[in-house]
Each structure stands twice: as structure tokens, then as C-alpha cells.
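Protein chains in written order, with our numbering: chain R, 205 to 515; chain B, 50 to 291. Below: one structure, written as C-alpha cells.
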């Protein structure tokens, strides 16, 4: 990425407090490689023109990486803040300013001599903003979200880039599921359509590879029950089945509960109904922490703040 | 206007809770269709306004009434240090409850802040004559934010960062990736883990950056080294970069 940014969350504290960050804006025509793409900051895609703000005075003479969201590699974590996109010549979705818990990512230089006035003000504001985040909670990263498979499909369709569907996609599946995949644009699209709601990873050694750190598996149990693994209705269905008559569906449901309800919050007495009544509004499903239902860090932050206020 | 006065008291209470110094707002006419409260730190003046139903102020000149203006007085020990921050308003009108924020910097030796707020209050049919209220009070000390700047080596670049932060009331200690400790990180309010462009840091810095202590202090992770250390800390948001 270069010295520019776009899609800025201009009303956020990092652009307004204590300094008002002002930028010189340049209207640019949307590049072809942004067409038909969306990102966390452009859920409807970029318009025919878009506005660029300079954080640095000129393009750096070197490589300046940005974190890449690619529509959900990690942005499924509650409380994650997307605050600006870096200007990338590869594709949309490269976040240059973002926060997760106590961590803020700054994707530009910090050298005041190289920053614009707006860039300097934003950097000072970021320090002020983060000074108040000592108690902010988040959850650990375990694996990429299933959206990376979808991205390979999109990349192939929009850019003609074939290695995504021919090499990276099958390479990202556990061996047993590679046989179900046809390495072509059409094959990728068909596979995603059929299997993506039941894909998971992050549970065992089989899900970690050398070249592709995250390897995906399809959950045959969830698929047989017709219960996409990240839907609340599926969790409720498993709980209902778990309390029912012994049989294949009950066994599948119990395996799904074991597979997707984080061990830290599982009921010790196996009373799933009572557990769900207590946890319903406190839990969330997150791919990137290992495909778990777990306590929502934003809810935990709120509960801790309330407890602190009571003291 | 009783309900507006109640709102003003609630807002004043909020200012105390946030650790800011409450300020006195005077010369607001009894029948003014708005309530105003104000508070400040040495770095920022915050004015909270609550409009009566159907009434508004102007954020900018849209051919209606005089836009709101907030300025410190010449004899104030704290003076404006930047543009007034107003809420976004598509039609230029400010309705309901909102805040105005003015960055401050020290000017005099004392702690007294005096400022004036100029505005016109209008409803759909009429505008009241322009009003000016005075905001004044003494500003208490707010502890400076302590920043730990972690770099590959202390050099002119790190000096420039320290100078920028000092200009804005931040106190910075410089250390290196080779020598940084958990105790030093924990003792600061923010850790700024700096990075030059890819492979322009001292050789071996990447290997040191991924070992940055897992502190409870908030971390601003910069550039390439930032992506590496955040990933090493088990945080999702650098699971890929280009």
C-alpha cells in the first residue's frame, strides 16, 4: 500500500479528539480492480469515484504492508473497529487503521517529518484513544475464517487469477475433503455454495498445515442435520435434539455441541436448556477464534464496567 | 426551561465522572431555548448543549442564522489549539443534545480558562437575537499520558516522534526492541511499537519485535513489525497482510 487512505471513519475519536484531523482530499476514479468488490468499510462496494486522503506527504520508497481483511479473515470478532482502508493496488479490503481490544494497528509511518498535518493529528489522537483501552477485551486468533475460501472464488472470477481456485483452495482443505473439490472457477463456486455453511477449522492438528496454516474440514454431522454451524437456530436445534430420544440425530447434535460450544463455558451438568437460558445473550459464534460459540468480549466488557461502577 | 436545567445538571455530573474540571456558564438568558454546560481538561474544552424541541443552532453559514463560534479569551491561561470540532450535520443545523470540542494548549502560567460562545437559536419560524455566553473556571491537572516508544534504535526519527508527542502533552520514554521489558511496558499508559518500512529496521529487529512482552498496556503496533508482533500476541487482526 502507499501513503494514502480512504473510507475513513471521520466521526471516530481518532479523527476528532483531542485534535481535529483535517486532510486534503483527492477524488479518484474507481480502479478496475475495485469493481464488484466489497470490504468492511465498503459493504456496498466503492462508487464510481472515491476520495483519498494523504497520511504521508509522498509515496514511501519501500514496502508498507497493511493488514488485510479480505471480507472477514478476522473481522468477525465483536468490538473490532475498522477505521480506514489503505490504498492498495491489489484489491479492496486492506485496513490501515484498526483496533482489536488493546491493540491498534497503524499502517503508515510515524515519522512526523513524513506525515501530513492530518496524519500527525491522527497519530496523536490514536495515542489518546488507546490510553483509555487498558480494560478492553478481545479473543485470541486461532484460524482464518471460512471467508478465505470464498475470497479464492471471488479472486478467480474477477481477476482471472487461477492459482486461487486451482492451488490455494484445495490446498486449504483437509485431505479427505480435497476429493470432493473440482479445481476450476465453477468447481470452487459449486463447492462453496454446498459446503461453506458447514465448514470449520481450528479444532485439531489436522486443521493446521505447513504451507496453509488453516486447513478446513466440512462438518458431516451439521450437514446431515441441515444446521449451518454458525447459526443460532442451529445451536437451539442441537440443544433440543440433545434432550430428546437416543438415536443418530441426538448423537450428531451432541457432537456438534461438543465441537462448537467452547469448553470454558460448557455446562458441567450437561443441562443444556438451563445453560442456554443463562447464556443466550452473552455468547457469539466466531470463526477466527476456532469456530466456537463463546462469551462475547463486548458483553464481558460491559459487564465488567457495570460491576466496577457498582463498586 | 426546568427540564433543560435538569439535563444541564446531569451533563455536569457526567463531566465530573469523566475527571474533567466543570466550568461555569454565565449570561445565558432565562428564557433561552437551550441548556449549556461545559467542562475541560488542559487539552480540551467540551461544551454540551441541549436544545428545546423544535429549536436548533447553526453549525455553519447556510443562510439562516449566525453559526456557533467558541473562542478562548486573550487573558485565558489556556487557549484554542485547533479548529472547533462540531457534530456532523447534513443541513448545517444542530438539534437535540450535542457537544462542541475545542483543543486547548497552555498559554499563561495559571490554570484559568475563559471563553465565549456565540450563537443564534432558531425554530422553524423565528430566530432569537444573537447570544453570547461566558464560560470560565479553573482547570485541574490531568496526569500526562505516558508513552513507551519502542524502536530498533534511538535516532533522529525517534526524537521527532518524542517532540511531536510533547507538543501535545504526551510524555514519552524511548526504548529499543532489544532492551524493552514487561515492567517498562506495564508502567506506561500506551506502548507505541514502531516500525520503519519493510526491512529498513536494523537487522534482527523482526525477531525481537515478535518477543515484545505481552503487557496489559494498550499497544499501538506500527507497520510491518506491528503486523508481526500482533500476530505473535495471538491477535486476529494481522492474520494476513499485503
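All C-beta atoms, glycine included, are put in the ideal place defined by N, C-alpha and C.
Selection from the options that minimises the alpha carbon distance to residue i
i, options, result
"residue 192/B", "470/R, 335/R, 340/R", "335/R"
"residue 219/R", "257/R, 460/R, 410/R, 485/R", "257/R"
"residue 322/R", "504/R, 459/R, 343/R, 209/R", "209/R"
"residue 497/R", "399/R, 404/R, 448/R", "404/R"
"residue 245/R", "302/R, 265/R, 228/R, 395/R", "302/R"
"residue 417/R", "348/R, 251/R, 394/R", "348/R"
"residue 131/B", "141/B, 180/B, 154/B", "154/B"
"residue 167/B", "207/B, 122/B, 240/B, 275/B", "122/B"
"residue 500/R", "468/R, 460/R, 474/R, 478/R", "468/R"
"residue 145/B", "98/B, 267/B, 198/B", "98/B"
"residue 223/R", "374/R, 378/R, 326/R, 447/R", "326/R"
"residue 104/B", "224/B, 207/B, 82/B", "82/B"
"residue 197/B", "211/B, 259/B, 184/B", "211/B"
"residue 235/B", "243/B, 222/B, 246/B", "222/B"
Residue i - DSSP class collapsed to helix/strand/coil
i, result
"residue 129/B", "strand"
"residue 234/B", "helix"
"residue 66/B", "In this predicted model, residue 66/B has a pLDDT of only 35, less than 50, meaning its place in the structure is not dependable; the value taken from the coordinates is given anyway. In this structure, residue 66/B counts as helix in the three-state DSSP scheme."
"residue 167/B", "strand"
"residue 352/R", "helix"
"residue 123/B", "coil"
"residue 286/B", "helix"
"residue 491/R", "coil"
"residue 144/B", "coil"
"residue 217/B", "coil"
"residue 506/R", "helix"
"residue 345/R", "coil"
"residue 60/B", "Any reading at residue 60/B must be qualified, since the residue scores a pLDDT of 43, below 50, and its modelled position is unreliable; no value is offered."
"residue 231/R", "strand"
"residue 292/B", "No information on residue 292/B is available, as it lies outside the stretch 50 to 291 that chain B covers here."
"residue 243/R", "strand"
"residue 402/R", "helix"
Assumed close pair residue i, residue j - CB separation to whole angstroms, cut-off 8 Å
i, j, result
"residue 269/R", "residue 273/B", "5 Å"
"residue 160/B", "residue 126/B", "6 Å"
"residue 229/B", "residue 252/B", "At roughly 18 Å, the Cβ-Cβ gap does not stay under 8 Å, so residue 229/B and residue 252/B are not in contact."
"residue 220/B", "residue 195/B", "5 Å"
"residue 356/R", "residue 434/R", "Going by Cβ atoms, the distance from residue 356/R to residue 434/R rounds to 19 Å, so no, they are not a contact pair."
"residue 133/B", "residue 149/B", "6 Å"
"residue 330/R", "residue 310/R", "6 Å"
"residue 259/R", "residue 320/R", "6 Å"
"residue 94/B", "residue 87/B", "7 Å"
"residue 241/B", "residue 271/B", "7 Å"
"residue 200/B", "residue 243/B", "5 Å"
"residue 381/R", "residue 444/R", "Actually they are not in contact, since the Cβ atoms of residue 381/R and residue 444/R sit about 28 Å apart, beyond 8 Å."
Within-7 Å CB hit, residue i to chain R
i, result
"residue 285/B", "yes"
"residue 196/B", "yes"
"residue 119/B", "no"
"residue 268/B", "yes"
"residue 247/B", "yes"
"residue 67/B", "Only weak support exists for where residue 67/B lies, its pLDDT of 44 falling under 50; the coordinates are left without a value."
"residue 229/B", "no"
"residue 93/B", "yes"
"residue 217/B", "yes"
"residue 276/B", "yes"
"residue 273/B", "yes"
"residue 235/B", "no"
"residue 250/B", "no"
"residue 279/B", "yes"
"residue 189/B", "no"
"residue 87/B", "no"
Short CB-CB distance (under 7 Å) between residue i and chain B
i, result
"residue 501/R", "no"
"residue 216/R", "no"
"residue 487/R", "no"
"residue 407/R", "no"
"residue 310/R", "yes"
"residue 453/R", "no"
"residue 504/R", "no"
"residue 395/R", "no"
"residue 223/R", "yes"
"residue 371/R", "no"
is_contact[residue i, chain D] using C-beta, thresh 7 Å
i, result
"residue 223/B", "Structure shown: chain D not included; protein chains present are R and B."
- Message: If the cut-off is 7 Å on Cβ atoms, which residues from the region 324-340 of chain R count as contacting chain B, listed in chain order?
- Response: Within the region 324-340 of chain R, 324, 328, 330, 331, 332, 334, 335, 337, 338 place their CB atoms closer than 7 Å to a CB of chain B, listed in sequence order.
- Which of the residues in the region 195-214 of chain B, read from start to end, lie with their CB under 8 Å from any CB of chain R? For the region 195-214 of chain B, the beta-carbon criterion of a distance under 8 Å to any beta-carbon of chain R is satisfied by 196, 206, 209, 210, 212, 213, 214.
- Message: At a CB distance below 7 Å, what residues from the region 148-163 of chain B approach chain R? Give them in sequence order.
- Response: Closer than 7 Å at the C-beta level to chain R, one finds these residues of the region 148-163 of chain B: 150, 152.
- Between the region 134-146 of chain B and chain R, which residues of the former have CB atoms less than 7 Å from a CB of the latter, in chain order? Per Cβ criterion, the list reads 134, 137.
- the region 344-355 of chain R: which residues have C-beta closer than 7 Å to a C-beta of chain B, in chain order? Hits within the stretch, in order: 344, 345, 348.
- Item | the region 246-269 of chain R: positions lying closer than 7 Å to chain B by Cβ | Listed by position, the residues of the region 246-269 of chain R near chain B (Cβ gap below 7 Å) are 264, 266, 267, 268, 269.
- Going along the chain, which residues of the region 413-431 of chain R sit with their C-beta nearer than 7 Å to a C-beta in chain B? Under the 7 Å Cβ criterion, the region 413-431 of chain R contributes no residue.
- Query: Looking at chain B, which residues of the region 452-481 of chain R have a Cβ within less than 8 Å of any of its Cβ atoms?
  - Reply: Taking a C-beta cut-off of 8 Å against chain B, none of the residues of the region 452-481 of chain R qualify.
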